[in-house]
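Asks: Here it is: the structure, laid out below.
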Amino acid sequence: MIWLLEKWRRRRILKRKLIPESIWQPVVDQLPFLYGLTRNELHRLREWSTIFLHDKKINGVQGLIMTEAMCVMIAAQACLLILKLDPEYYDDWVEVIVYPGKFILNRVYRDEIGIVHTRRMVASGESWLTGPVILSWEDVAHVHHEHNVVIHEFAHKLDMLNGSANGYPPLHNGMDPRSWAEVFSQAYEIFCRQVEQGEGTGINPYAATDPAEFFAVLSEVFFIRPHQVKHHFPAVYQQLAQFYRQDPAARQTEPA
Numbered sequence: 026m027i028w029l030l031e032k033w034r035r036r037r038i039l040k041r042k043l044i045p046e047s048i049w050q051p052v053v054d055q056l057p058f059l060y061g062l063t064r065n066e067l068h069r070l071r072e073w074s075t076i077f078l079h080d081k082k083i084n085g086v087q088g089l090i091m092t093e094a095m096c097v098m099i100a101a102q103a104c105l106l107i108l109k110l111d112p113e114y115y116d117d118w119v120e121v122i123v124y125p126g127k128f129i130l131n132r133v134y135r136d137e138i139g140i141v142h143t144r145r146m147v148a149s150g151e152s153w154l155t156g157p158v159i160l161s162w163e164d165v166a167h168v169h170h171e172h173n174v175v176i177h178e179f180a181h182k183l184d185m186l187n188g189s190a191n192g193y194p195p196l197h198n199g200m201d202p203r204s205w206a207e208v209f210s211q212a213y214e215i216f217c218r219q220v221e222q223g224e225g226t227g228i229n230p231y232a233a234t235d236p237a238e239f240f241a242v243l244s245e246v247f248f249i250r251p252h253q254v255k256h257h258f259p260a261v262y263q264q265l266a267q268f269y270r271q272d273p274a275a276r277q278t279e280p281a
């Protein structure tokens with residue numbers, strides 16, 4: 026019964042508020058990693074993005090005025106992760122906060138002997154458990170960069186569905202939790218050694234921070250440069266393909 030009500034609610038939203046083609050298509054044209062999607066997949070992405078924009082508040086701060094096109098730019102990238110899943114994966118929180126550029130975070134942490142410290146750091150994105158996603162518009166807008174802050178932060182949101190981010194999101198029926206843990210832990214150890222030894226993989230060294238960042242960064246690369254993940258960490262690619270139920274390498278041309 027609840028599912029029927031939700032299905033009715035979504036149909037009503039899509040009938041009344043579907044993102045206009047005049048806004049949707051220019052956004053799609055700016056996102057090269059969407060080019061290989063089929064017509065049906067793009068239609069679903071447009072629908073999921075419409076529901077996302079209906080259910081979430083996207084608020085600019087520090088004088089940033091969010092246009093409809095800017096909001097759609099965020100929604101389309103966020104919903105790429107759940108294209109073959111469901112908008113309910115983004116339930117239980119309601120706001121996206123967007124700064125004009127990078128912003129300052131105050132991180133509180135406890136050292137080995139128990140002393141609490143506060144560290145100020147510059148960030149382009151942040152995700153809070155059951156709270157908002159925070160983004161830098163400057164970084165969102167630069168979609169041709171090697172990094173994708175929207176995919177990164179929304180991967181954290183999926184990771185947090187099990188609680189705090191730890192690189193272990195809730196897996197689907199049929200996925201083997203032991204295989205996921207083994208594949209990711211081995212790949213993470215290998216990647217950390219590569220970073221320590223200065224070996225270049227083309228993957229952001231920030232992924233070596235902890236398993237949560239490894240999952241988020243590898244999710245970024247999985248969608249925007251999938252062949253890179255498939256080449257360096259083929260077992261990780263297979264796990265991500267099962268989790269996201271997508272195969273980006275099959276729809277993107279492998280670089281020469």
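Take the sequence shown: its letters are residues 26 to 281, numbered as in the numbering used here.
The C-beta atom is built at its ideal place from N, Cα and C for all residues, glycine as well.
Fair warning: this is a prediction, and the values are worked out from it, not measured in the lab.
1. Give a yes or no on contact between the region 110 to 127 and the region 145 to 165, applying the rule of three or more CB pairs nearer than 8 Å.
2. Using only CA atoms, which one of Arg218, Val242, Val141, Gln50 lies nearest to Ala180?
3. Roughly how many angstroms separate the alpha carbons of Val53 and Val175, rounded to a whole number?
4. How big is the Cα-Cα spacing for Thr92 and Pro112?
5. Keeping to the same chain, check which residues put their C-beta closer than 7 Å to that of Ser149; ignore five residues upstream and five downstream.
6. For a quick check, are the C-beta atoms of Phe216 and Ala237 less than 8 Å apart?
7. Roughly how many angstroms separate the alpha carbons of Glu151 and Gly85, rounded to a whole number?
8. To which residues does DSSP link Val158 through a beta bridge?
9. For the region 54 to 101, which segments carrying the beta strand (DSSP E) assignment without a break, of at least 3 residues, lie completely within its bounds, in sequence order?
10. Would you check if there are 3 or more beta carbon pairs closer than 8 Å linking the region 248 to 263 to the region 187 to 201?
11. Contact check, Ile44 vs Arg71 under 8 Å by CB: the rounded distance?
12. Taking the Cβ atom as the reference point for each residue, do Arg69 and Leu108 lie within a distance shorter than 8 Å?
13. Below 8 Å on the Cβ atoms is my contact criterion, and I expect Ala103 with Phe77 to pass it. Report the Cβ-Cβ distance as a whole number of Å.
14. Three-state secondary structure (DSSP) at Phe128?
15. If I follow the unbroken alpha helix (DSSP H) through Glu207, where does it start and stop?
16. Do Leu186 and Tyr114 have their C-beta atoms within less than 8 Å of each other?
17. Any idea what DSSP makes of Pro168, helix, strand or coil?
18. Give the secondary structure of Met185 by DSSP, where H, G and I count as helix, E and B as strand, and everything else as coil.
19. I'd like the span of the alpha helix (DSSP H) that includes Glu31, first residue to last.
20. Helix, strand or coil: which one does DSSP assign to Lys255?
21. Using DSSP with H/G/I as helix, E/B as strand and the rest coil, what is Glu18?
22. Which residue from Arg36, His167, Leu110 puts its Cα closest to that of Ile99?
23. How many Å lie between Ile140 and Glu279 at the Cα?
24. With DSSP collapsed to three states, give me the class of Ala260.
25. DSSP three-state label for His177, please.
Replies: Taking the geometry as given:
1. yes
2. Val242
3. 15 Å
4. 22 Å
5. Lys127, Ser161, Asp164, Val174
6. Contact flag unset, no.
7. Their backbone Cα atoms lie some 15 Å apart in a straight line.
8. Val121, Ser152
9. 82 to 85
10. Touching, no.
11. That pair is a contact at about 6 Å.
12. In contact: Arg69 and Leu108 (Cβ atoms closer than 8 Å).
13. 6 Å
14. strand
15. Element bounds for Glu207: 202 to 221.
16. yes
17. In the sequence as displayed, the identity of residue 168 is Val instead of Pro. The answer is coil: DSSP assigns Val168 none of H, G, I, E or B.
18. helix
19. 27 to 42
20. The answer is helix: DSSP assigns Lys255 an H, G or I state.
21. What is shown of the chain runs 26 to 281, which leaves residue 18 out entirely.
22. His167
23. 49 Å
24. helix
25. helix
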